[in-house]
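Colleague:
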Amino acid sequence: MVERDLSEAIRIRINNLMKENDLNESKLSTLAGISRSTISRFLKKERKYLRIDVIEYICEGLNIKLKDFFDDPIFDNINITE
């Protein structure tokens, strides 16, 4: 069992969705209507957190529900203590 913090799980999930949809950061930012630097800085760990509304924009751009974003085994063993 691998324990992750929530931000790391979100990073992994976004990267997995980008691969599944053959997207790069630029294409995802266009679909989501957010700046590429927001996505890039988060994925490179230059930004620790991603606001929930930004995750919602990403979900809208990918035509998935927020519930489906978090309904992934990557979120099963999250360490939320910080």
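Heads up, the working numbering is the position in the sequence shown plus 4, with the first residue counted as 1. In this text, a Cβ means the ideal position worked out from N, Cα and C, and glycines have one as well. A quick note: this is a predicted structure, and the numbers were derived from the prediction, not measured.
Below 8 angstroms on the Cβ atoms is my guess for residue 61 versus residue 11; work out the distance and round it to an integer in Å.
Modeller: Not a contact, Cβ separation roughly 17 angstroms.
Colleague: What ranges does the alpha helix (DSSP H) occupy inside the region 5-80, keeping only unbroken runs of at least 4 residues that lie completely in it?
Modeller: As far as the region 5-80 is concerned, its whole alpha helix (DSSP H) runs of at least 4 residues are 10-24, 29-36, 40-47, 56-66, 70-74.
Colleague: Given this structure, state the Cα-to-Cα distance separating residue 28 from residue 38, to the nearest angstrom.
Modeller: Their backbone Cα atoms lie some 13 angstroms apart in a straight line.
Colleague: Tell me whether residue 2 is buried or exposed, calling it buried when 16 or more other Cβ atoms sit within 10 Å of its Cβ.
Modeller: The structure shown does not extend to residue 2, since the chain spans only 5 to 86, so no value can be given for it.
Colleague: Take residue 25 as the anchor and find which of 15, 41, 66, 48 has the nearest alpha-carbon.
Modeller: Residue 25 has its Cα closest to that of 66, out of 15, 41, 66, 48.
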